[in-house]
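*Asks:*
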Amino acid sequence: MNGPAMRVAVIGSLGMLGQDLIPRLEKAGFEAIGLDLLGSGSSRLDITQPEAVLSLLKTLSPELVINCAAYTAVDQAESEPEKAMAVNRDGPAHVADACAALAIPLVHLSTDYVFDGRLNRPYREDDPAHPLNAYGWSKWQGEEAIRSRLPAHLIIRTSWLYGVHGHNFVKTILRKARAGEDLRVVADQFGSPTWTGDLADALVAMTKGIQTEGPAVKWGTYHFCGGGYTTWHGFAQAIVDEAHRRGRLGAVRVSPVSSAEFQGPARRPPWSVLDCRKAAAAFNLTPRPWRQGLRDMLAELFHIEA
Ligand SMILES: NC(=O)c1ccc[n+]([C@@H]2O[C@H](COP(=O)([O-])OP(=O)(O)OC[C@H]3O[C@@H](n4cnc5c(N)ncnc54)[C@H](OP(=O)(O)O)[C@@H]3O)[C@@H](O)[C@H]2O)c1
Numbered sequence: 167m168n169g170p171a172m173r174v175a176v177i178g179s180l181g182m183l184g185q186d187l188i189p190r191l192e193k194a195g196f197e198a199i200g201l202d203l204l205g206s207g208s209s210r211l212d213i214t215q216p217e218a219v220l221s222l223l224k225t226l227s228p229e230l231v232i233n234c235a236a237y238t239a240v241d242q243a244e245s246e247p248e249k250a251m252a253v254n255r256d257g258p259a260h261v262a263d264a265c266a267a268l269a270i271p272l273v274h275l276s277t278d279y280v281f282d283g284r285l286n287r288p289y290r291e292d293d294p295a296h297p298l299n300a301y302g303w304s305k306w307q308g309e310e311a312i313r314s315r316l317p318a319h320l321i322i323r324t325s326w327l328y329g330v331h332g333h334n335f336v337k338t339i340l341r342k343a344r345a346g347e348d349l350r351v352v353a354d355q356f357g358s359p360t361w362t363g364d365l366a367d368a369l370v371a372m373t374k375g376i377q378t379e380g381p382a383v384k385w386g387t388y389h390f391c392g393g394g395y396t397t398w399h400g401f402a403q404a405i406v407d408e409a410h411r412r413g414r415l416g417a418v419r420v421s422p423v424s425s426a427e428f429q430g431p432a433r434r435p436p437w438s439v440l441d442c443r444k445a446a447a448a449f450n451l452t453p454r455p456w457r458q459g460l461r462d463m464l465a466e467l468f469h470i471e472a
């Protein structure tokens, strides 16, 4: 990289994605400043507090903000929608206002759950949103808040995210399989599992694009997820098969169930596969098949466990 390292503020740095993003940004030569609700000292930031967002970003003077902070408890959001709205709609609005005041761009993460799943092809960025649950609504409202405030934004929708940090589907399936619990998993919802490592690499590529292209960047909404698609049942079976192949688990069979049998508080789209060609073309990305991301994540997880 030529010249001084670009300063990038990462909000939500202690989350599943944030923790994989910071080291990758640093490895690529950027100066990454992590901020989170439970950060210590000047790393602490609550995005629901507009004055705090503006004053901290002013003090830190980053050249780019990446917002990974969110309220991500999909089922819990049904019983506390106002909390989800405060973090997922108002938070991004405050961050976008601060970025506009400081004349810096914003990269923001969103979700496949802005769609209702009735389409019979992968969703493109301009397909109409119609969220089925409170979390999806709050994330959609957050997207709209950014679009109306700050032209220099990238909104990156992703899906079925998992990584070595925090709680997620892969770690839950492994824990249950190891405990000998019966594995019954929904087989009629289709989507694309996405490893936080792959998404973080894509965000680094976008950051490089912003650094080199400056105002010529094609701002707007993009999709990024693991290549191909499966069901939650197919994903669970792949997790236990890969763990078995690596000698970390006996042979385990996952039973398919329907979403009607397994209805939680939040409705989920039956089909939320995202078409990622726009991001691939704009940022020169080659999305990897979702199974490759799973293999790399499990290799990292088993390495940490060893
Ligand atoms: N997880 C998925 O399957 C999935 C799928 C599609 C899209 N996404 C999107 O991808 C992004 C990253 O998700 P993730 O799974 O990495 O999320 P995560 O693990 O829940 O991390 C989010 C981080 O934001 C923090 N946070 C919450 N409220 C905050 C506030 N008011 N101010 C500052 N920080 C706050 C959280 O702190 P606490 O933990 O202390 O609350 C947490 O450290 C999010 O935009 C999410 O909507 C996720």
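Once you know that position 116 of the sequence shown is 282 in the working numbering, the rest is easy, because the numbers rise by one and skip nothing. Yeah, the Cβ is synthetic: ideal placement off N, Cα and C, and Gly gets one too. As the structure is a computational prediction, the values presented were derived from the model and not from experiment.
Return yes when the C-beta of residue 182 is under 6 Å from any heavy atom of ligand 1, and no when it is not.
*Replies:* Yes; taking the cut-off as 6 Å, the Cβ of residue 182 has a heavy atom of ligand 1 nearer than that.
*Asks:* Give me the Cα-Cα distance between residue 298 and residue 283, rounded to the nearest whole angstrom.
*Replies:* Cα to Cα, residue 298 sits roughly 9 Å from residue 283.
*Asks:* Report all residues from its chain with a CB closer than 8 Å to the CB of residue 444; omit the five preceding and five following residues, and keep chain order.
*Replies:* Cβ within range, chain order: 290, 291, 388, 389.
*Asks:* Three-state secondary structure (DSSP) at residue 383?
*Replies:* Coil, per DSSP.
*Asks:* Here's the rule: buried if 16 or more other CB atoms are within 10 angstroms of the residue's CB, otherwise exposed. What is residue 405?
*Replies:* When all chains shown are included, residue 405 counts as buried.
*Asks:* Looking at residue 373 and ligand 1, is the gap between the Cβ and the nearest heavy atom below 6 Å?
*Replies:* Incorrect: residue 373 has no Cβ contact closer than 6 Å to ligand 1.
*Asks:* Rounded to whole angstroms, what is the Cα-Cα separation between residue 188 and residue 295?
*Replies:* Each residue's Cα considered, the two are about 30 Å apart.
*Asks:* By the three-class DSSP mapping on this structure, what secondary structure does residue 198 have?
*Replies:* DSSP places residue 198 in strand when its eight states are reduced to three.
*Asks:* Kindly provide the ranges of any beta strand (DSSP E) runs that are 3 or more residues long and lie completely inside the region 336 to 407, ordered along the chain.
*Replies:* Within the region 336 to 407, the complete beta strand (DSSP E) runs of at least 3 residues are 350 to 352, 386 to 389.
*Asks:* For the alpha helix (DSSP H) that residue 296 lies in, which residues bound it at each end?
*Replies:* It is not in any alpha helix (DSSP H) - residue 296 carries neither H nor E in the DSSP assignment.
*Asks:* Which residues bound the beta strand (DSSP E) around residue 177?
*Replies:* Looking at the DSSP string, the run of the beta strand (DSSP E) that includes residue 177 is 173 to 177.
*Asks:* Could you pull the start and end residues of the beta strand (DSSP E) that residue 274 belongs to?
*Replies:* 272 to 277 is the span of the beta strand (DSSP E), which, as asked, contains residue 274.
*Asks:* Between residue 190 and chain C, is the shortest Cβ-Cβ distance under 7 Å, so that the two count as touching?
*Replies:* Of the protein chains in the structure, only one exists, and it is not chain C.
*Asks:* Taking buried to mean at least 16 other C-beta atoms within 10 Å of its own C-beta, is residue 473 buried or exposed?
*Replies:* Since the displayed the chain opens at 167 and closes at 472, residue 473 lies outside it and no answer follows.
*Asks:* Can you tell which of 371, 466, 420 has its C-alpha closest to the C-alpha of residue 448?
*Replies:* It is 371.
*Asks:* Just how far apart, CA to CA, sit residue 318 and residue 426?
*Replies:* Each residue's Cα considered, the two are about 42 Å apart.
*Asks:* By a C-beta neighbour count over all protein chains shown, 10 Å radius and 16 as the cutoff for buried, is residue 470 buried or exposed?
*Replies:* Exposed, since its Cβ has fewer than 16 Cβ neighbours within 10 Å.
*Asks:* Hey, would you say residue 395 sits closer than 7 Å to residue 428, going by beta carbons?
*Replies:* Cβ distance not < 7 Å, so residue 395 and residue 428 don't count as in contact.
*Asks:* Looking at residue 302 and residue 234, is the spacing between their C-beta atoms short of 7 Å?
*Replies:* No, the Cβ-Cβ distance between residue 234 and residue 302 is not below 7 Å.
*Asks:* Which class does residue 423 belong to by DSSP, given the choice of helix, strand or coil?
*Replies:* In this structure, residue 423 counts as strand in the three-state DSSP scheme.
*Asks:* So residue 470 is in the alpha helix (DSSP H); what residue range does that whole segment cover?
*Replies:* Segment 456 to 471, the alpha helix (DSSP H) holding residue 470.
*Asks:* State the CB to CB distance for the pair residue 209 and residue 201, rounded to an integer number of angstroms; the pair is presumed to be in contact (CB under 8 Å).
*Replies:* Sure, about 6 Å apart at Cβ, within 8 Å.
*Asks:* Determine the closest residue to residue 304 out of 339, 334, 315, 247, with distance taken between C-alpha atoms.
*Replies:* Among 339, 334, 315, 247, the Cα nearest to that of residue 304 belongs to 247.
*Asks:* Give the straight-line distance between the Cα atoms of residue 254 and residue 236, rounded to the nearest whole angstrom.
*Replies:* Between residue 254 and residue 236, the C-alpha separation is close to 6 Å.
*Asks:* What does the Cβ neighbour count give for residue 373, buried or exposed, with the cut at 16 atoms within 10 Å?
*Replies:* With 16 or more Cβ atoms within 10 Å of its Cβ, residue 373 is classed as buried.
*Asks:* CA-CA distance, residue 300 and residue 244?
*Replies:* One C-alpha to the other measures close to 6 Å.
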